[in-house]
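Residues in the sequence shown are numbered from 510 upward in steps of one, following this note's numbering.
Have a look at the structure below before the remarks.
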Amino acid sequence: MTTLNDRPVGAPERTIGQLVADATKDVSELVRYEIALAKAEITADVKNGAIGGGLFAVAGVLGFVAFVFLGVTVAFALHEGAGWDVWLSFLVVAAAMLVVAGVAAAIGFGRVKQVRPPERTIRTTKDSVAAIKAAATGKPVAKTITGGPTSGATSARSIGH
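Here is the structure:
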């Protein structure tokens with residue numbers, strides 16, 4: 510025979526120490542889950558940041574090497590082939606190389622701008638803190654539920670708890 514709490518009749522009451530130990534274990538588990546969610550969310554953003562940083566590096570290296578080798582070659586080709594002054598030939602080549610480096614830097618900057626904060630982790634952490642506060646004070650808490658992790662739904666509904 511059991512009671513509403515699914516404890517056998519006559520079973521000893523749990524001590525405050527046991528209750529505190531269980532609460533501590535539950536909070537630790539909640540923190541671990543929040544950290545795992547943050548890692549999962551941040552992984553994609555880190556990848557975009559790494560790709561953007563790599564593109565910045567490529568832009569710098571290519572801009573420098575291209576400026577030195579191709580710039581000298583094209584500048585002398587303009588001087589010899591078109592009959593331009595040497596200084597004008599080098600100026601035109603330098604401007605063209607800066608445009609190419611600028612385009613690569615702009616693409617890299619666009620990839621770095623795609624990095625976002627871990628929005629789901631922030632939301633669920635706030636919900637968890639609110640639930641813990643409500644449980645400590647004995648007040649009911651409204652829990653926000655949105656679409657699943659892949660639904661991208663922006664609408665939310667509140668459920669009284």
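By construction, the Cβ of each residue, glycine as well, lies at the ideal position given by its N, Cα and C atoms.
These figures come from a predicted structure and were not determined experimentally.
Assignment of T552 by DSSP, reduced to helix, strand and coil, places it in the helix class. The C-alpha of A566 lies about 12 Å from the C-alpha of A615. Rounded to whole angstroms, the separation of the alpha carbons of G619 and F578 is 28 Å. Per DSSP, reduced to three states, the secondary structure at D636 is helical.
Runs of the alpha helix (DSSP H) lying entirely within the region 555-609 and spanning at least 4 residues: none are present. One Cα belongs to S537, the other to T524, and the distance between them is close to 20 Å.
The shortest CA-to-CA distance from A568 to any of A643, L607, G647, G580 is the one to L607.
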